[in-house]
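Let me begin by presenting the structure, written as structure tokens, before commenting on it.
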Amino acid sequence: MTTRRDFLKTTGSLAAGALLYPTFSEAAKVKNVGIQLYTVRKEMLADAAGTLKKLAKIGYKELESARSDKGNFYGLQPKEIKKIAHDLGMNVRSGHVHIDKDWKKSVDMAAEAGQSYLVCSSLPSEGQTVANYQRCADLFSKAAEDCKKANLVFAYHNHDYEFEKKDGKPLYDILVEKSDKNLVKMEMDLGWAVLTGNDPLAYFAKYPGRFPLWHLKDMDKVKKESTEFGKGQIDIVKMLKNIDKSGMKYFFVEQEEYPKTALESATYDFNYLAKLNY
Numbered sequence: 001m002t003t004r005r006d007f008l009k010t011t012g013s014l015a016a017g018a019l020l021y022p023t024f025s026e027a028a029k030v031k032n033v034g035i036q037l038y039t040v041r042k043e044m045l046a047d048a049a050g051t052l053k054k055l056a057k058i059g060y061k062e063l064e065s066a067r068s069d070k071g072n073f074y075g076l077q078p079k080e081i082k083k084i085a086h087d088l089g090m091n092v093r094s095g096h097v098h099i100d101k102d103w104k105k106s107v108d109m110a111a112e113a114g115q116s117y118l119v120c121s122s123l124p125s126e127g128q129t130v131a132n133y134q135r136c137a138d139l140f141s142k143a144a145e146d147c148k149k150a151n152l153v154f155a156y157h158n159h160d161y162e163f164e165k166k167d168g169k170p171l172y173d174i175l176v177e178k179s180d181k182n183l184v185k186m187e188m189d190l191g192w193a194v195l196t197g198n199d200p201l202a203y204f205a206k207y208p209g210r211f212p213l214w215h216l217k218d219m220d221k222v223k224k225e226s227t228e229f230g231k232g233q234i235d236i237v238k239m240l241k242n243i244d245k246s247g248m249k250y251f252f253v254e255q256e257e258y259p260k261t262a263l264e265s266a267t268y269d270f271n272y273l274a275k276l277n278y
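Sequential numbering from 1 applies to the sequence shown in full-length UniProt numbering.
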């Protein structure tokens, strides 16, 4: 089964019934739920405007795009997706692209779409070496300068491979430590981080304020794939209780595999979060 990780490598070198919906005493409520549009990638490619209407009807407020065969916005122009989202009560908050020959164009398009963030979706160069990760950290700092000029914030999105260790230290740490801490932010994919045996909360404590964006997902650790909230082994409530430590401003639901359809899972995940107090 093709996962987002596999897709990105190819294109750019969470009991049953009520037990699935935990109840908690009065506390904070989840608001302004976002979704990574890769979750509904096939639907977006077939009917982008129609799919956005369905997501708005479910209740999603924040959108994060992902580059596809039809471009950065599934065939829509930057101003077009901005207007459609705005008319539906949503924001195109972020977008996934590659740092490649089209980088400067992607920066311009993101600004035109009204984005606040532009995210590098995977490593811009291959190689699980300290030297390559140092090169990538330097490249991120330069890319972040380009974003700053366009009133955008640059961030990097992890998968699992960044947590491979060299000399006892995760390569991911190099990206955080060697890039400009004032300009380069990280989008923590909680699912992939936990699947590799890492604790996102430890990263939030070690690098406070560096994680303004999250991919909120549950993971089936046996199948090593994403699943609907409450059906995997990720403690969603525990993560949400640590929003302040991470510096998180926006999160995006992302699910790559589904028991039925993408939109049914997107609906299930939204309803799960809507019932949560934390």
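Note that the Cβ used here is the ideal one computed from N, Cα and C, for glycine as well.
Can you give me the C-alpha to C-alpha distance between Ala15 and Phe229, rounded to a whole angstrom?
The residue given as residue 15 occupies position 15 in the sequence shown. The residue given as residue 229 occupies position 229 in the sequence shown. Because Ala15 sits at a pLDDT of 34, beneath the cut-off of 50, its placement in the model cannot be relied upon, and the following sentence gives the value as read from the coordinates. Rounded to whole angstroms, Ala15 to Phe229 spans 12 angstroms at the Cα level.
* If you compare alpha carbons, which of Asp160, Leu175, Gln36 is closest to Ala144? -> The residue labelled residue 144 in the question sits at position 144 within the sequence shown. Measuring from the Cα of Ala144, the nearest candidate turns out to be Leu175.
Leu36 (DSSP reduced to helix, strand or coil):
Here residue 36 refers to the residue found at position 36 when the sequence shown is read from its first residue. Position check: residue 36 holds Gln in this sequence, whereas Leu was assumed. Strand.
**Residue range of the alpha helix (DSSP H) that includes Ala143** = Position 143 of the sequence shown, counted from the start, is the residue given in the question as residue 143. From DSSP, the alpha helix (DSSP H) with Ala143 extends over 130-149.
In whole angstroms, give me the CA-to-CA distance for residue 352 and Gly197. Absent from the model: residue 352. The displayed extent of the chain is 1 to 278, so no value can be given.
- prompt: Just curious, the alpha helix (DSSP H) that Phe229 is in, first and last residue?
  reply: On the sequence shown, position 229 is the one that residue 229 refers to. Careful: Phe229 lies outside any alpha helix (DSSP H) and carries neither H nor E.
| task | Could you spell out where the alpha helix (DSSP H) holding Asp180 opens and where it closes? | result | Your numbering for residue 180 matches position 180 in the sequence shown. Counting along the chain, Asp180 falls outside any alpha helix (DSSP H), and DSSP gives it neither H nor E.
- Query: From Trp192 to Lys166, what distance separates their C-alpha atoms?
  - Reply: Reading the sequence shown from its first residue, position 192 is the one you call residue 192. Reading the sequence shown from its first residue, position 166 is the one you call residue 166. If you take the alpha carbons of Trp192 and Lys166, they lie about 18 angstroms apart.
Touch check for the region 212-219 and the region 246-259: three-plus C-beta pairs under 8 angstroms? yes
May I have the straight-line CA-CA distance separating Arg135 from Ser68, to the nearest angstrom?
Start at 1 with the first residue of the sequence shown, and residue 135 comes out as number 135. Start at 1 with the first residue of the sequence shown, and residue 68 comes out as number 68. Arg135 and Ser68: Cα-Cα distance of roughly 26 angstroms.
Leaving out the 5 sequence neighbours to the left and right, which residues in its chain are closer than 6 angstroms to Met188 when beta-carbon positions are compared? Numbered from 1 along the sequence shown, position 188 holds the residue referred to as residue 188. Result list for Met188: Pro200, Phe211, Trp214, in chain order.
Quick check: the Cα distance between Ala66 and Asn158, rounded to an integer number of angstroms?
What you label residue 66 is simply residue 66 of the sequence shown in a count that begins at 1. What you label residue 158 is simply residue 158 of the sequence shown in a count that begins at 1. The alpha-carbon atoms of Ala66 and Asn158 are separated by roughly 14 angstroms.
ask   = So Leu76 packs on Val97, CB below 8 angstroms; how close in whole Å?
value = Here the question's residue 76 lines up with position 76 in the sequence shown. Here the question's residue 97 lines up with position 97 in the sequence shown. Rounded, the Cβ-Cβ distance is 15 angstroms, inconsistent with contact.
- Message: Within 8 angstroms, do at least three Cβ pairs link the region 261-270 to the region 38-51?
- Response: yes
Original post:
Do Val92 and Leu63 have their C-beta atoms within less than 7 angstroms of each other?
Top reply: Counting from 1 along the sequence shown, the entry for residue 92 is found at position 92. Counting from 1 along the sequence shown, the entry for residue 63 is found at position 63. Closer than 7 angstroms, so yes.
Handout entry: Residues near residue 341 in its chain [Cβ-Cβ closer than 6 angstroms; skip 5 each side]
Key = Since the first residue of the chain shown is 1 and the last is 278, residue 341 is not available in this structure.
- Query: By Cβ distance, which residues of its chain are closer than 8 angstroms to Ser226, with the 5 residues on each side in sequence left out?
  - Reply: Working through the sequence shown from its first residue, we reach residue 226 at position 226. Cβ within range, chain order: Thr3, Gly191, Lys217, Asp218, Met219, Asp220, Gly232, Glu254, Gln255, Glu256, Glu257.
**OP:** Measure the C-alpha to C-alpha separation of Ala150 and Gln115 and round it to an integer number of angstroms.
**Re:** Locating residue 150 in the sequence shown gives position 150, counting from the first residue. Locating residue 115 in the sequence shown gives position 115, counting from the first residue. If I take the Cα positions, the gap works out to 10 angstroms.
- Out of curiosity, what's the CA-to-CA distance linking Leu88 and Asp173? Residue mapping note: residue 88 aligns to position 88 of the sequence shown, counting from 1. Residue mapping note: residue 173 aligns to position 173 of the sequence shown, counting from 1. Distance between the alpha carbons of Leu88 and Asp173 is about 39 angstroms.
Legend entry - His96 - DSSP class collapsed to helix/strand/coil: The residue labelled residue 96 in the question sits at position 96 within the sequence shown. Of the three classes helix, strand and coil, the one that applies to His96 here is strand, per DSSP.
_Start-to-end residues for the beta strand (DSSP E) that takes in Tyr117_ = Within the sequence shown, residue 117 is the residue found at index 117, counting from 1. Start and end: 117-120.
Can you round the beta-carbon distance between Ser141 and Leu183 to whole angstroms, since I take them to be within the 8 angstroms contact cut? By one-based count along the sequence shown, residue 141 stands at place 141. By one-based count along the sequence shown, residue 183 stands at place 183. 6 angstroms between Cβ atoms; contact.
Who does Phe252 pair with in a DSSP beta bridge?
Walking along the sequence shown from the start, residue 252 turns up at place 252. Paired residue(s): Gly34, His215.
Delimiting residues of the alpha helix (DSSP H) encompassing Tyr156: For the purposes of this step, residue 156 is taken as residue 156 along the sequence shown, with counting starting at 1. No alpha helix (DSSP H) holds Tyr156; the beta strand (DSSP E) holding it covers 153-157.
Requested in this report: Compare the C-alpha of Lys57 against each of Thr267, Val222, Lys148 and name the closest.
Outcome: If you number the sequence shown from 1, residue 57 lands on position 57. Looking at the Cα atoms, Thr267 is the closest of the given residues.
From this set, Met248, Gly127, Glu177, Cys147, which residue's C-alpha is nearest Tyr161's C-alpha?
Position 161 of the sequence shown, counting from 1, holds the residue named residue 161. With distances taken between Cα atoms, Tyr161 lies closest to Gly127.
From this set, Leu273, Trp103, Thr129, which residue's C-alpha is nearest residue 280's C-alpha? Any question about residue 280 goes unanswered here, given that the chain covers just 1 to 278.
Which runs of the beta strand (DSSP E) at least 3 residues long sit entirely within the region 61-87? Give them in chain order. 62-66
message = Using DSSP's beta-bridge definition, name the partner residues of Lys166.
response = Here residue 166 corresponds to residue number 166 of the sequence shown, with the count starting at 1. According to DSSP, which records beta bridges pairwise, Lys166 is partnered with Lys169.
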